[in-house]
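FYI, the numbering for the sequence shown is 1 to 458, going by the working numbering.
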Amino acid sequence: MTKHWFTSVMKEKSQSIRVPTNFAATDIHYVQFGRKVLPCDILLSDGTEFQISEDLWELLRIPRQTQFRYVQEDSTLRLLPLIGLFTPHLQRGAKEPLGTETAIQQKWLKMTQDLGGVAFLFDGKHINFNEGTLEGWVLADGEWKKMELPLPDVVYDRTPNRYMERHPLVKEIRSLFEQDYDIPWFNQGFFDKWTTYTLLEKASDGLDYLPETRVYNKPNFIKMLENHDFLYLKPRNKSKGAGIISIEANESGYLIKSYHHQQLKKQKVQTKRDLWQTIHQLIKKPDKYIIQKGIRLILYQNHPVDFRIHTNKDRNGRWQLSAIAGKRAGAEQLTTHLTYGGKVIPLTKLFNQEQLNESFEQLKTAALRLSEALSRQMDEKLGELGFDLGIDQTGQIWLFEVNAKPRHHIFLSPSIRHQLKGVHQYWLDYSQFLAEYRTEMSLLMQNFEWFINVYDML
Numbered sequence: 001m002t003k004h005w006f007t008s009v010m011k012e013k014s015q016s017i018r019v020p021t022n023f024a025a026t027d028i029h030y031v032q033f034g035r036k037v038l039p040c041d042i043l044l045s046d047g048t049e050f051q052i053s054e055d056l057w058e059l060l061r062i063p064r065q066t067q068f069r070y071v072q073e074d075s076t077l078r079l080l081p082l083i084g085l086f087t088p089h090l091q092r093g094a095k096e097p098l099g100t101e102t103a104i105q106q107k108w109l110k111m112t113q114d115l116g117g118v119a120f121l122f123d124g125k126h127i128n129f130n131e132g133t134l135e136g137w138v139l140a141d142g143e144w145k146k147m148e149l150p151l152p153d154v155v156y157d158r159t160p161n162r163y164m165e166r167h168p169l170v171k172e173i174r175s176l177f178e179q180d181y182d183i184p185w186f187n188q189g190f191f192d193k194w195t196t197y198t199l200l201e202k203a204s205d206g207l208d209y210l211p212e213t214r215v216y217n218k219p220n221f222i223k224m225l226e227n228h229d230f231l232y233l234k235p236r237n238k239s240k241g242a243g244i245i246s247i248e249a250n251e252s253g254y255l256i257k258s259y260h261h262q263q264l265k266k267q268k269v270q271t272k273r274d275l276w277q278t279i280h281q282l283i284k285k286p287d288k289y290i291i292q293k294g295i296r297l298i299l300y301q302n303h304p305v306d307f308r309i310h311t312n313k314d315r316n317g318r319w320q321l322s323a324i325a326g327k328r329a330g331a332e333q334l335t336t337h338l339t340y341g342g343k344v345i346p347l348t349k350l351f352n353q354e355q356l357n358e359s360f361e362q363l364k365t366a367a368l369r370l371s372e373a374l375s376r377q378m379d380e381k382l383g384e385l386g387f388d389l390g391i392d393q394t395g396q397i398w399l400f401e402v403n404a405k406p407r408h409h410i411f412l413s414p415s416i417r418h419q420l421k422g423v424h425q426y427w428l429d430y431s432q433f434l435a436e437y438r439t440e441m442s443l444l445m446q447n448f449e450w451f452i453n454v455y456d457m458l
């Protein structure tokens, strides 16, 4: 873990930095913040903190906070990582610029500050690529402050929905950062349930956890009815339980459950023909649905339970489990989502001590195997994933959904809130990993290009 240092402003204009002797700085001539690099003088201090001269602080456009991470790379002292959280739905000038997401983002940025990183929100509408700066929002004393910042070391894509993700401006901004400025941009896209299933089906790591799933059409529907007495129909591109339908076969026919204006609706039909007609009326975009084998989940207080698990990449780019919680379904509800009366339950309440250790290890193994499998199958950077996993009544673990931009609201529950610090520690460390790795690769490429130029001159 990289140490973070207390840092203050020197009330002088000397373009210099006082470095504590135990930092062991040698032969430093430059300082870098984000993509901004300036010459500087290094002065040794008997104290235990860094001090940055007032003019250098302003020239580097550093937000006013007290903890920073420092890394020496050759002759350059870097304050890193500077992380841009790309949020194109930013409501400029509003007290809550991200609506209901504002509170969780404030906690996110505050934790980042406490751990020595710098994170800011930006929507990409005001970027000065000639100067290497952009307009962003930082958290200062609990309030949002707009300021001009250097281009970041790395960008975490927090685009809120698929509609915005497809917007031409969003695609253009991402392309400029990645291709023109070589700035790592991670978790850039939402997952489609069918695409995710097919990717994991190709990987041996995922096969053990995948319930049988098919695209929705009449032949597949009939086939799945023949194979299973419990099915779910799910939209490929929606989350939070929206549009989900369940079908259970019984002696008198079929019981259909669906949501209408967030209210549970039950319908009974007797024949497969009636079932098909009823389902077809409920589904407005049949080509956007999948059919999935239903799972009889373990119960808590006679309610089905599943699990939300977050995984993050660490300082070395390896997947780690960062947070886990149980979710108990509301009375007679289709899903465990909080929107429909679900309740967050700590694992310590769901299992006795012997069951707890075994179940935790099984869920952890499944989440890490699935994370690694997706990373290998997808041609993009992933740094954080959210899994919905279930345990059936025989002890088998099943995957229901993977979230590419997992929200952290579940972990605001008082009994499990402490886990959020681990989530933030990991994503900050992974951001630093991307920033340093990219620098090392750039130096290697520069050396390679220099070798080619020299060879051409011979």
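Glycine included, every Cβ here is placed at the ideal spot set by N, Cα and C. These numbers come from a predicted model, not from an experiment.
Span of the beta strand (DSSP E), counted from its first residue to its last, around residue i
{"i": "residue 245", "result": "245-250"}
{"i": "residue 459", "result": "Nothing about residue 459 can be reported from this structure: the residues present for the chain run from 1 to 458 only."}
{"i": "residue 389", "result": "384-391"}
{"i": "residue 106", "result": "No beta strand (DSSP E) holds residue 106; the alpha helix (DSSP H) holding it covers 102-114."}
{"i": "residue 320", "result": "319-328"}
{"i": "residue 234", "result": "230-235"}
{"i": "residue 69", "result": "67-73"}
Contact check, residue i vs residue j, beta carbons under 7 Å
{"i": "residue 116", "j": "residue 69", "result": "yes"}
{"i": "residue 310", "j": "residue 423", "result": "yes"}
{"i": "residue 17", "j": "residue 42", "result": "yes"}
{"i": "residue 26", "j": "residue 44", "result": "no"}
{"i": "residue 82", "j": "residue 141", "result": "no"}
{"i": "residue 290", "j": "residue 213", "result": "yes"}
{"i": "residue 281", "j": "residue 253", "result": "no"}
{"i": "residue 129", "j": "residue 149", "result": "no"}
{"i": "residue 200", "j": "residue 210", "result": "yes"}
{"i": "residue 159", "j": "residue 88", "result": "yes"}
{"i": "residue 187", "j": "residue 421", "result": "no"}
{"i": "residue 122", "j": "residue 109", "result": "no"}
{"i": "residue 111", "j": "residue 51", "result": "no"}
{"i": "residue 155", "j": "residue 47", "result": "no"}
{"i": "residue 55", "j": "residue 15", "result": "yes"}
{"i": "residue 434", "j": "residue 184", "result": "yes"}
{"i": "residue 33", "j": "residue 60", "result": "yes"}
{"i": "residue 344", "j": "residue 331", "result": "no"}
{"i": "residue 298", "j": "residue 391", "result": "yes"}
When the options are compared against residue i, the one with the closest alpha-carbon
{"i": "residue 143", "options": "97, 411 and 163", "result": "97"}
{"i": "residue 23", "options": "78, 290 and 87", "result": "78"}
{"i": "residue 462", "options": "92, 95, 90 and 139", "result": "Shown here, the chain extends from 1 to 458; a query on residue 462 therefore has no answer."}
{"i": "residue 431", "options": "335, 314, 378 and 409", "result": "314"}
{"i": "residue 274", "options": "255, 348, 326 and 347", "result": "255"}
{"i": "residue 100", "options": "419, 434, 407 and 173", "result": "407"}
{"i": "residue 37", "options": "299, 246 and 151", "result": "151"}
{"i": "residue 370", "options": "174, 380, 379 and 398", "result": "398"}
{"i": "residue 231", "options": "239, 293 and 219", "result": "293"}
{"i": "residue 387", "options": "377, 368 and 379", "result": "368"}
{"i": "residue 19", "options": "13, 72 and 55", "result": "72"}
{"i": "residue 436", "options": "39, 76 and 13", "result": "76"}
{"i": "residue 91", "options": "342, 350 and 136", "result": "136"}
{"i": "residue 296", "options": "248, 220, 239 and 182", "result": "248"}
{"i": "residue 389", "options": "401, 300 and 383", "result": "401"}
{"i": "residue 238", "options": "161, 251, 182 and 205", "result": "161"}
{"i": "residue 35", "options": "181, 157 and 164", "result": "181"}
{"i": "residue 177", "options": "147, 127 and 197", "result": "127"}
{"i": "residue 106", "options": "429, 426, 378 and 409", "result": "409"}
Residue range of the unbroken alpha helix (DSSP H) whose run includes residue i
{"i": "residue 56", "result": "54-60"}
{"i": "residue 359", "result": "353-377"}
{"i": "residue 343", "result": "No alpha helix (DSSP H) holds residue 343; the beta strand (DSSP E) holding it covers 343-345."}
{"i": "residue 213", "result": "Taken as a continuous stretch (DSSP letters only), residue 213 belongs to no alpha helix (DSSP H), being part of the beta strand (DSSP E) at 213-215."}
{"i": "residue 96", "result": "Premise fails: residue 96 is in no alpha helix (DSSP H) and is neither H nor E."}
{"i": "residue 168", "result": "168-175"}
Exposed unless 16 or more other CB atoms sit within 10 angstroms - verdict on residue i
{"i": "residue 236", "result": "buried"}
{"i": "residue 222", "result": "exposed"}
{"i": "residue 394", "result": "exposed"}
{"i": "residue 277", "result": "exposed"}
{"i": "residue 65", "result": "buried"}
{"i": "residue 333", "result": "buried"}
{"i": "residue 450", "result": "Interpretation of residue 450 is limited by its pLDDT of 30, a score under 50 that renders its predicted location unreliable; no figure is taken from the coordinates."}
{"i": "residue 352", "result": "exposed"}
{"i": "residue 229", "result": "exposed"}
{"i": "residue 312", "result": "buried"}
{"i": "residue 3", "result": "exposed"}
{"i": "residue 447", "result": "With a pLDDT of 37 at residue 447, under the threshold of 50, the modelled position of this residue cannot be trusted, and the question is left open."}
{"i": "residue 164", "result": "exposed"}
Query raised in the report: Between the segment 297-306 and the segment 317-324, do three or more beta carbon pairs fall short of 8 Å?
Result: no
Report task. Please confirm if the segment 255-266 is in contact with the segment 358-366, defined as three or more CB-CB distances below 8 Å between the two stretches. Result -> no
Query raised in the report: Is it a yes or a no for the segment 190-199 touching the segment 168-175, going by three-plus beta-carbon pairs under 8 Å?
Result: no
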